[in-house]
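Numbering (the numbering used here), first residue to last: 0 to 95.
Have a look at this one:
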């Protein structure tokens, strides 16, 4: 059974705000709370089957590394990007 983390969203908001402030201090000001939450639910908690306690969820949020989030965001962008590889120029650009 998959855990519903949405029920903790308001309780963990201060941790989310804190993590986003840390991202901004490191120069990543375009990361939104929604994107950070998506990272947590799609990546960090994807295979978690046990019930997590509130303190564990907050710990997960505060332990996010910028590099892990950026890697996830990059992969998600590639998954949603549409390439029409019929154009020779697009092939050349892709293969650079």
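Glycine included, each C-beta is placed from N, C-alpha and C at the ideal position.
Rounding to the nearest angstrom, what Cα-Cα distance links residue i and residue j in this structure?
i	j	result
residue 31	residue 50	26 Å
residue 12	residue 4	12 Å
residue 29	residue 2	28 Å
residue 46	residue 20	27 Å
residue 48	residue 25	33 Å
residue 56	residue 23	21 Å
residue 40	residue 10	16 Å
Where does the unbroken alpha helix (DSSP H) through residue i begin, and where does it stop?
i	result
residue 23	12-24
residue 65	65-79
Could you tell me if residue i is buried or exposed, where buried requires 16 or more neighbouring beta carbons within 10 angstroms of its beta carbon?
i	result
residue 54	exposed
residue 64	exposed
residue 38	buried
residue 18	buried
residue 74	exposed
Where does residue i sit, in a helix, a strand or coil, going by DSSP?
i	result
residue 27	coil
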